[in-house]
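Numbering-wise, the working numbering puts 781 at position 62 of the sequence shown, and it's gapless, one number per residue.
For glycine and all other residues, C-beta sits at the position ideal for the given N, C-alpha and C.
Notes for the one structure printed next.
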Amino acid sequence: RSGPGLARFRGTSALFPDDEKSYRLSAPQGQDWKRAVQETVGRLVLGFIAAAIGVVTIHEGIIYGLTQSGWIRGTAWGMQPIPPWAVPRLVNNVFWGGLWGALFALIYHRLPGSRAWLKGLVYGLSIVVISNWFLLPLIKGQIFGQPGQVLFGGWNPQRMWPPILIVVGYGLAPGVIYGLIRPKDTA
Numbered sequence: 720r721s722g723p724g725l726a727r728f729r730g731t732s733a734l735f736p737d738d739e740k741s742y743r744l745s746a747p748q749g750q751d752w753k754r755a756v757q758e759t760v761g762r763l764v765l766g767f768i769a770a771a772i773g774v775v776t777i778h779e780g781i782i783y784g785l786t787q788s789g790w791i792r793g794t795a796w797g798m799q800p801i802p803p804w805a806v807p808r809l810v811n812n813v814f815w816g817g818l819w820g821a822l823f824a825l826i827y828h829r830l831p832g833s834r835a836w837l838k839g840l841v842y843g844l845s846i847v848v849i850s851n852w853f854l855l856p857l858i859k860g861q862i863f864g865q866p867g868q869v870l871f872g873g874w875n876p877q878r879m880w881p882p883i884l885i886v887v888g889y890g891l892a893p894g895v896i897y898g899l900i901r902p903k904d905t906a
């Protein structure tokens with residue numbers, strides 16, 4: 720695949736090597752491929768487990784503490800059905816928390832920080848901004864028509880700080896747990 724567009728980039732990076740055959744993507748072959756898949760699936764499972772433990776303990780524990788202190792109205796470890804599919808809230812939180820944990824495991828080595836707990840802290844803060852302040856209000860408000868959904872907590876500190884505390888606490892949990900149980904020789 721030669722042409723005037725690619726010719727000027729040839730040899731400048733891994734994306735544009737000098738020889739034509741290197742333009743094909745090189746995936747691991749044979750046993751290397753199987754090992755890479757097994758390691759990736761293992762990281763996904765361990766990340767899911769670490770985050771599920773984090774939801775049941777830290778996430779829900781912080782909700783309990785904030786509810787008992789009167790800062791939020793909530794029910795820790797609640798099994799009330801939530802819309803739109805009437806899944807029990809705790810099951811829903813564990814499932815979504817586990818998926819966020821699987822993603823955490825995949826990007827663990829790319830997160831800033833030299834310690835697992837710091838990576839979890841950064842990840843938790845990222846989840847607050849991306850999910851709780853942006854995606855969830857859009858999905859719940861626009862797609863499912865739930866009232867009271869505002870982007871970025873409506874810039875109201877009373878609406879902004881509880882999710883920060885809850886989700887950053889949740890982020891620390893998989894950071895610490897995954898940091899302890901992850902295979903040390905994986906990249």
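Considering only C-alpha positions, which residue in the set Arg-901, Pro-893 and Val-847 is nearest to Glu-879?
Mapped onto the sequence shown, residue 879 falls at position 160. Before going on, a small fix: residue 879 reads as Met here, not Glu. That would be Val-847, whose Cα lies nearest to the Cα of Met-879.
Counting Cβ pairs closer than 8 Å, one from the stretch 795-812 and one from the stretch 770-779, do we hit at least three?
Contact between the stretch 795-812 and the stretch 770-779 is present, because at least three Cβ pairs lie under 8 Å.
Can you give the Cα-Cα distance for Pro-882 and Tyr-827, rounded to whole angstroms?
Taking the sequence shown and counting its residues from 1, the one referred to as residue 882 is at position 163. Taking the sequence shown and counting its residues from 1, the one referred to as residue 827 is at position 108. Rounded to the nearest angstrom, the two C-alpha atoms are 22 Å apart.
According to DSSP, simplified to helix, strand and coil, what is Ile-791?
One-based indexing of the sequence shown puts residue 791 at position 72. Note: Ile-791 maps to coil in three-state DSSP.
Which residues does DSSP list as the beta-bridge partners of Ile-801?
Within the sequence shown, numbered from 1, the residue matching residue 801 stands at position 82. Paired residue(s): Val-806.
What number of angstroms, rounded off, separates the C-alpha of Pro-800 from the C-alpha of Pro-902?
Residue 800 sits at position 81 when you count from the first residue of the sequence shown. Residue 902 sits at position 183 when you count from the first residue of the sequence shown. About 37 Å.
Go ahead and label Pro-856 buried or exposed: buried means 16 or more other beta carbons lie within 10 angstroms of its beta carbon, across all protein chains shown.
As a first step, residue 856 is located in the sequence shown; it is residue number 137 there, counting from the start. Under this definition Pro-856 is a buried residue.
Compare the Cα-Cα distances from Leu-818 to each of Gly-832, Val-760 and Trp-796 and report the closest residue.
Within the sequence shown, the letter at position 99 stands for residue 818. Out of Gly-832, Val-760 and Trp-796, Val-760 has the C-alpha closest to the C-alpha of Leu-818.
Could you pull out every residue in the same chain whose Cβ sits closer than 6 Å to the Cβ of Leu-744, ignoring the five residues on either side in sequence?
Here residue 744 is taken as the residue at index 25 of the sequence shown, counted from 1. At Leu-744, the pLDDT of 49 sits below 50, so the modelled position is not reliable; the number obtained from the coordinates is stated separately. Excluding positions up to five away in sequence, the list is empty.
Sorted by chain position, which residues of the same chain lie with C-beta nearer than 6 Å to Trp-871's C-beta, five sequence neighbours on each side aside?
Numbered from its first residue, the sequence shown carries residue 871 at position 152. Reading off the sequence shown, one finds Phe at residue 871, where the question assumed Trp. Counting only Cβ-Cβ distances below 6 Å, and skipping sequence neighbours, we find Trp-852.
Does Val-886 come out as helix, strand or coil in the three-state DSSP assignment?
Position 167 of the sequence shown, counted from the start, is the residue given in the question as residue 886. Looking at Val-886 - three-state DSSP - the assignment turns out to be helix.
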